[in-house]
Structures are given as structure tokens and as C-alpha cells.
């Protein structure tokens, strides 16, 4: 993956199994990552350990999307 210093990425499903692999890979590639999901990160998850900003949101709800 090419380095993308400073570009911001919103990862949907960030608290899920795939999100725990995608988010660290994006950070390593230089992206600034914000995670979103309907449930928060598990305290022992990789994303929680990395202090990745998180917005709890249901992406079928317009208000939640605007907040994210």
C-alpha cells in the first residue's frame, strides 16, 4: 500500500474482526483513521490499544452518519 501521509479514512465496521486488521494496516500506511461501528471496540482489541478515534454509529441512521 502506498504511503498516504495525513489523509483521513473512515472505517465502517471498525470494531469487527476485519476492522481489527484493516485499521492498523491503514495507520501503518500513513492514514489518519477514524473507526465507526454499532458497538464500541473491545477493550483488548488492537484498535483500542492504538487509541484509534471511534464514533459509535448506525450507518442506516442519517443523524449518526452526519455525526461520524
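Residue numbers (the numbering used here): 31 to 98. We put the CB at the ideal spot given by N, CA and C, even for glycine. A quick note: this is a predicted structure, and the numbers were derived from the prediction, not measured.
When the options are compared against residue i, the one with the closest alpha-carbon
{"i": "residue 80", "options": "42, 51, 35", "result": "51"}
{"i": "residue 45", "options": "95, 58, 73, 96", "result": "73"}
Cβ-heavy atom distance, residue i to the ligand ADP, below 7 Å
{"i": "residue 68", "result": "Of ligands this structure carries none, so the ligand ADP is not represented either."}
Simplified DSSP assignment, three categories, for residue i
{"i": "residue 46", "result": "coil"}
{"i": "residue 89", "result": "coil"}
{"i": "residue 40", "result": "strand"}
{"i": "residue 94", "result": "helix"}
{"i": "residue 69", "result": "coil"}
CB contact flag (residue i, residue j, <8 Å)
{"i": "residue 69", "j": "residue 56", "result": "no"}
{"i": "residue 53", "j": "residue 83", "result": "no"}
Classification of residue i by the beta-carbon crowding that lies within 10 angstroms, buried from 16 upward
{"i": "residue 77", "result": "buried"}
{"i": "residue 49", "result": "buried"}
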